[in-house]
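Colleague: Order-wise, the sequence lines are chains A and B.
Quick note: the first sequence uses the working numbering, first residue 128, plus one each step.
Quick note: the second sequence uses the working numbering, first residue 12, plus one each step.
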Amino acid sequence: MPESLPTDSVGIVTPQTLHFDTPINLACNRTLDQYDLVYETYGTLNADASNAVLICHALSGHHHAAGYHSADDRKPGWWDSCIGPGKPIDTDRFFVVSVNNLGGCHGSTGPASINPATGKPYGPDFPVITVRDWTQSQALLADRLGIQCWSAVVGGSLGGMQALQWSLDYPDRIRHSVVIASTPRLSAQNIAFNEVARQAITSDQEFYGGHYYEHNTLPRRGLMLARMVGHITYLSDASMGEKFGRELRDQAYKFGYDAEFQVESYLRYQGERFSETFDANTYLLMTRALDYFDPAYEHDNDLAKAFMKASCEFLVLSFSTDWRFIPARSEELVNAMIAARRKVSYAEIDAPWGHDAFLIPTPRYTDVFHAYMDRVAREVGA
Amino acid sequence: MRTDLKIIEQWINSGSHVLDLGCGDGTLLDYLQREKQATGFGLEINQDHITTCMGRGVSVIEQNLDTQGLGNFEDHTFDTVLMTQALQAVRRPDMVLDEMLRVGREGIVTFPNFAYWKLRWYLIRRGRMPESETLPYKWYNTPNIHLCTFKDFEALCYRKGFQILNRTVVDGEHQDHWLSRLWPNMLGQIAIYRITRKGG
Numbered sequence: 128m129p130e131s132l133p134t135d136s137v138g139i140v141t142p143q144t145l146h147f148d149t150p151i152n153l154a155c156n157r158t159l160d161q162y163d164l165v166y167e168t169y170g171t172l173n174a175d176a177s178n179a180v181l182i183c184h185a186l187s188g189h190h191h192a193a194g195y196h197s198a199d200d201r202k203p204g205w206w207d208s209c210i211g212p213g214k215p216i217d218t219d220r221f222f223v224v225s226v227n228n229l230g231g232c233h234g235s236t237g238p239a240s241i242n243p244a245t246g247k248p249y250g251p252d253f254p255v256i257t258v259r260d261w262t263q264s265q266a267l268l269a270d271r272l273g274i275q276c277w278s279a280v281v282g283g284s285l286g287g288m289q290a291l292q293w294s295l296d297y298p299d300r301i302r303h304s305v306v307i308a309s310t311p312r313l314s315a316q317n318i319a320f321n322e323v324a325r326q327a328i329t330s331d332q333e334f335y336g337g338h339y340y341e342h343n344t345l346p347r348r349g350l351m352l353a354r355m356v357g358h359i360t361y362l363s364d365a366s367m368g369e370k371f372g373r374e375l376r377d378q379a380y381k382f383g384y385d386a387e388f389q390v391e392s393y394l395r396y397q398g399e400r401f402s403e404t405f406d407a408n409t410y411l412l413m414t415r416a417l418d419y420f421d422p423a424y425e426h427d428n429d430l431a432k433a434f435m436k437a438s439c440e441f442l443v444l445s446f447s448t449d450w451r452f453i454p455a456r457s458e459e460l461v462n463a464m465i466a467a468r469r470k471v472s473y474a475e476i477d478a479p480w481g482h483d484a485f486l487i488p489t490p491r492y493t494d495v496f497h498a499y500m501d502r503v504a505r506e507v508g509a
Numbered sequence: 012m013r014t015d016l017k018i019i020e021q022w023i024n025s026g027s028h029v030l031d032l033g034c035g036d037g038t039l040l041d042y043l044q045r046e047k048q049a050t051g052f053g054l055e056i057n058q059d060h061i062t063t064c065m066g067r068g069v070s071v072i073e074q075n076l077d078t079q080g081l082g083n084f085e086d087h088t089f090d091t092v093l094m095t096q097a098l099q100a101v102r103r104p105d106m107v108l109d110e111m112l113r114v115g116r117e118g119i120v121t122f123p124n125f126a127y128w129k130l131r132w133y134l135i136r137r138g139r140m141p142e143s144e145t146l147p148y149k150w151y152n153t154p155n156i157h158l159c160t161f162k163d164f165e166a167l168c169y170r171k172g173f174q175i176l177n178r179t180v181v182d183g184e185h186q187d188h189w190l191s192r193l194w195p196n197m198l199g200q201i202a203i204y205r206i207t208r209k210g211g
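1) Between residue 472 of chain A and chain B, is any beta-carbon pair separated by less than 8 Å?
2) Which same chain residues, not among the five before or five after residue 531 of chain A, have their C-beta less than 7 Å away from its C-beta?
3) Check whether the stretch 420-430 of chain A touches the stretch 377-389 of chain A, counting contact only when three or more Cβ pairs, one atom from each stretch, lie closer than 8 Å.
4) As a quick exercise: from A/330, A/131 and A/242, pick the residue whose alpha carbon is nearest that of residue 199 of chain A.
5) In this structure, does DSSP put residue 446 of chain A in helix, strand or coil?
6) Within 8 Å (strictly less), CB to CB, does residue 20 of chain B reach chain A?
7) Given that residue 501 of chain A touches chain B, what residues does it touch there, using C-beta distances under 7 Å?
8) Name, please, each residue of chain B whose Cβ falls closer than 9 Å to the Cβ of residue 428 of chain A.
9) From A/185, A/423 and A/506, pick the residue whose C-alpha is nearest to that of residue 232 of chain A; which is it?
10) Within the continuous beta strand (DSSP E) that includes residue 44 of chain B, where are the two ends?
11) At the 8 Å Cβ level, is residue 62 of chain B part of the contact set with chain A, yes or no?
12) Do residue 91 of chain B and residue 115 of chain B have their beta-carbon atoms positioned less than 8 Å apart in this structure?
13) Among all the DSSP beta bridges, which residues are the ones paired with residue 10 of chain B?
14) Please name the residue, chosen from B/159, B/200 and B/117, that lies closest to residue 208 of chain B on a Cα-to-Cα basis.
15) If we ignore side chains and look at the alpha-carbon of each, how far apart do residue 510 of chain A and residue 247 of chain A end up?
16) Short check: CB of residue 54 of chain B to CB of residue 74 of chain B, under 8 Å?
17) Using a Cβ cut-off of 7 Å, pull out every chain A residue sitting near residue 70 of chain B, in sequence order please.
18) For the beta strand (DSSP E) containing residue 146 of chain A, name the first residue and the last one.
19) If you reduce the DSSP assignment to three classes, tell me which class residue 462 of chain A lands in.
20) Tell me which residues of the stretch 27-59 of chain B have at least one Cβ-Cβ distance to chain A shorter than 8 Å, keeping chain order.
21) With distances taken between CB atoms, is the gap from residue 354 of chain A to residue 397 of chain A smaller than 8 Å?
22) Along the chain, where does the beta strand (DSSP E) that runs through residue 418 of chain A open and close?
23) Please name the residue, chosen from A/440, A/368 and A/230, that lies closest to residue 265 of chain A on a Cα-to-Cα basis.
24) Helix, strand or coil for residue 202 of chain A? Go by DSSP, reduced to three states.
25) For residue 83 of chain B, return the contacting residues in chain A, with the cut-off set at a CB-CB distance below 9 Å.
26) Using 8 Å as the limit for Cβ to Cβ distance, is residue 73 of chain B near chain A?
27) Look at residue 157 of chain B and residue 104 of chain B and say whether their C-beta atoms are less than 8 Å apart.
28) Go to residue 358 of chain A, then tell me how far its beta strand (DSSP E) extends in each direction, as first and last residue.
29) Consult DSSP for residue 313 of chain A and reduce its assignment to one of helix, strand or coil.
30) Give the single residue among A/227, A/260 and A/212 whose Cα lies nearest to the Cα of residue 144 of chain A.
31) Could you give the DSSP three-state label for residue 63 of chain B: helix, strand or coil?
32) How would you label residue 289 of chain A, buried or exposed, when you count the other beta carbons within 10 angstroms and need 16 or more for buried?
33) Within the 8 Å Cβ cut-off, does residue 270 of chain A reach chain B?
34) Kindly indicate the opening and closing residues of the alpha helix (DSSP H) around residue 262 of chain A.
35) Measure how close the beta-carbons of residue 124 of chain B and residue 21 of chain B come, nearest whole angstrom, since I'm counting them as under 8 Å.
36) Restricting to Cα atoms, I'd like to know which of B/174, B/143, B/95 and B/62 is closest to residue 498 of chain A.
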């Protein structure tokens, strides 16, 4: 944390946990009898509970979206650039809820949690969770928090898919859906990258079919590889070029296979760090949730038909150099919304950072986001 | 509100579904939404305008008419498709008009009249490409690459089989003036046309 708190920070925040003991039915036809959801809130819920905003996280995200957990924290939450006083999601006006999704590994019930039926971690027996399961659990969380209708559900990437799913599953509980750097469904190439990541994990000898907890080990190498592959897809050729180029760690080639280029050592470092802090089974689960997301599928593969169900307004944003979910995928969403006569605004933000651009505040991104959310706030009297 | 926008407003029925090509800062759509319960979208490429639209609750899509066209809109989606002061700046005005009347039942178009007497006089006197308050550019940097006269536009409508439902001319300040009504092609600066496909 900086010496003193920036004035546009939500400050020190404390995660909270809610226990749910009513069984939840999942898309895979299984149920979870009980589970915990960990979440953070920023700002104050107004008297008529109309100013609530739900933040949905992406693959490796979690509930800690803004502020610091303690004065010793090196970095703030993952979306601190967009959440705080005076920021696009202005905590002086909105009551922001950010939840760790079911199946996650940051406090909400997931594969690493103890299965009450066996007294052991769920491991690979944890049900495969879908985006729809998440919106269902988020709706149950909203019930407990006294929020009948979100002024906006906001998310980037996999988080954007949740914002979309909300508009379809709970049309009367969401006023605005903000879908950033997302897609209506994964392409074959997207699924292929996920499969490489999963293969890296499951073929690690330390994976033990997902039961590594009982062997007191972690599939570090597999998860590291998965993260390295994933990380490449989050960046752009140009941004990697600018950051690393062909820079070497030492002066000359060593004619060996150690990490000689800066980009190699960067990826290895990121992968290693990730493999120590993220659960491999959760990574498998999250990538599968991405693969399965396909709202058009249930509507004769007609996305416009799916959006007929929605009644909220949409903001869709894409980034020019995002090659994971290219702007054309966002435009598919927009065109389906137009065909369904939904209200939608769309902008393609020129930014060099690839898919990760949704986490990086650039002037135009911030301006557009700010303008839209300002209008949402005015609409709900916040 | 500008006179030309007031005129356009009168030609739009309550509750219409409207597409505004080059919607600018969304002034007209905002007005139509509030006063006429209209729905619809604006297309725009100017970043600041897009931000302003979003801030005022006008649905705006970042889309370039020249490179992307209107292919993403299905036939007969809109009651009215608007295009104010942009026809002369697109690559193929004839194709844009076709597209407007494909996705919409009616089109409303405004554009500057290149046969306006001051422009004619400028060309005769100086022998150089006219410049004016409405056309303040040099020939080499002007965005207005397809200037036409009222007569040109009407000839195109005739050839395309478009029916002109209404026609009004205003001056550079967008004011209605009896003189410009008297002899539009000579005295009118800006034209406002409401068109539809014959039999459509």
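C-beta: ideal position from N, C-alpha, C; glycine also.
Modeller: Reading off the structure:
1) By one-based count along the first sequence, residue 472 of chain A stands at place 345. Yes, because at least one Cβ of chain B sits closer than 8 Å to the Cβ of residue 472 of chain A.
2) Lying outside 128 to 509, the shown extent of chain A, residue 531 of chain A is not represented and no answer is given.
3) no
4) The residue you call residue 199 of chain A lines up with position 72 of the first sequence. Minimum Cα distance to residue 199 of chain A is reached at A/131.
5) On the first sequence, residue 446 of chain A is found 319 positions in, with the first residue counted as 1. Here residue 446 of chain A sits in strand by DSSP.
6) Locating residue 20 of chain B in the second sequence gives position 9, where the first residue counts as 1. No - not a single Cβ of chain A is within 8 Å of the one on residue 20 of chain B.
7) By one-based count along the first sequence, residue 501 of chain A stands at place 374. Per Cβ cutoff of 7 Å: 66.
8) Your numbering for residue 428 of chain A matches position 301 in the first sequence. What residue 428 of chain A touches in chain B: nothing, since even the nearest Cβ is about 17 Å away.
9) Reading the first sequence from its first residue, position 105 is the one you call residue 232 of chain A. Ranking the options by Cα distance to residue 232 of chain A, first place goes to A/185.
10) Along the second sequence, read from residue 1 onward, the residue named residue 44 of chain B stands at position 33. Note, residue 44 of chain B: premise wrong, no beta strand (DSSP E); alpha helix (DSSP H) at 38-47.
11) Against the second sequence, residue 62 of chain B aligns to sequence position 51. Chain A contact via Cβ: present.
12) Indexing the second sequence from 1 puts residue 115 of chain B at position 104. Indexing the second sequence from 1 puts residue 91 of chain B at position 80. Yes, the Cβ-Cβ distance between residue 115 of chain B and residue 91 of chain B is below 8 Å.
13) With chain B covering only 12 through 211, there is no way to say anything about residue 10 of chain B.
14) Here residue 208 of chain B refers to the residue found at position 197 of the second sequence. Nearest option by C-alpha distance: B/117.
15) Beyond the ends of chain A as shown, which are 128 and 509, falls residue 510 of chain A; an answer cannot be given.
16) If you number the second sequence from 1, residue 54 of chain B lands on position 43. If you number the second sequence from 1, residue 74 of chain B lands on position 63. Their beta carbons are under 8 Å apart, which means residue 54 of chain B touches residue 74 of chain B by this criterion.
17) For the purposes of this step, residue 70 of chain B is taken as residue 59 along the second sequence, with counting starting at 1. Residues of chain A passing the Cβ test: 470, 471 and 472.
18) The residue given as residue 146 of chain A occupies position 19 in the first sequence. Where residue 146 of chain A is concerned, the enclosing beta strand (DSSP E) stretches over 143-147.
19) Here residue 462 of chain A is taken as the residue at index 335 of the first sequence, counted from 1. The answer is helix: DSSP assigns residue 462 of chain A an H, G or I state.
20) 28, 50, 52 and 58
21) For the purposes of this step, residue 354 of chain A is taken as the residue at position 227 of the first sequence. For the purposes of this step, residue 397 of chain A is taken as the residue at position 270 of the first sequence. Against a cut-off of 8 Å, the Cβ pair of residue 397 of chain A and residue 354 of chain A comes out as a contact.
22) Position 291 of the first sequence, counted from the first residue, corresponds to residue 418 of chain A. Segment 407-419 is the alpha helix (DSSP H) holding residue 418 of chain A; no beta strand (DSSP E) there.
23) The count along the first sequence starts at 1 and reaches residue 265 of chain A at position 138. Looking at the Cα atoms, A/230 is the closest of the given residues.
24) As a position in the first sequence, residue 202 of chain A is number 75, starting the count at 1. Coil.
25) The sequence position of residue 83 of chain B within the second sequence is 72, counting from 1. Correct list: 458, 461, 462, 465 and 466.
26) The residue you call residue 73 of chain B lines up with position 62 of the second sequence. It does; some Cβ of chain A falls within 8 Å.
27) Numbered from 1 along the second sequence, position 146 holds the residue referred to as residue 157 of chain B. Numbered from 1 along the second sequence, position 93 holds the residue referred to as residue 104 of chain B. Yes, the Cβ-Cβ distance between residue 157 of chain B and residue 104 of chain B is below 8 Å.
28) Looking up residue 358 of chain A in the first sequence gives position 231. Segment 347-361 is the alpha helix (DSSP H) holding residue 358 of chain A; no beta strand (DSSP E) there.
29) On the first sequence, residue 313 of chain A is found 186 positions in, with the first residue counted as 1. If DSSP states are grouped into helix, strand and coil, residue 313 of chain A belongs with coil.
30) Indexing the first sequence from 1 puts residue 144 of chain A at position 17. Ranking A/227, A/260 and A/212 by Cα distance to residue 144 of chain A puts A/227 first.
31) Within the second sequence, the letter at position 52 stands for residue 63 of chain B. Here residue 63 of chain B sits in helix by DSSP.
32) Translated into positions along the first sequence, residue 289 of chain A becomes position 162. It is buried - the Cβ of residue 289 of chain A has at least 16 other Cβ atoms within 10 Å.
33) As a working note, residue 270 of chain A is residue 143 in the first sequence. Not an interface residue.
34) Within the first sequence, the letter at position 135 stands for residue 262 of chain A. First-last of the alpha helix (DSSP H) with residue 262 of chain A: 258-272.
35) Here residue 124 of chain B is taken as the residue at index 113 of the second sequence, counted from 1. Here residue 21 of chain B is taken as the residue at index 10 of the second sequence, counted from 1. The pair is not a contact, with the Cβ atoms about 21 Å apart (cut-off 8 Å).
36) In the first sequence, the residue the question calls residue 498 of chain A occupies position 371. Comparing Cα positions, the closest option is B/62.
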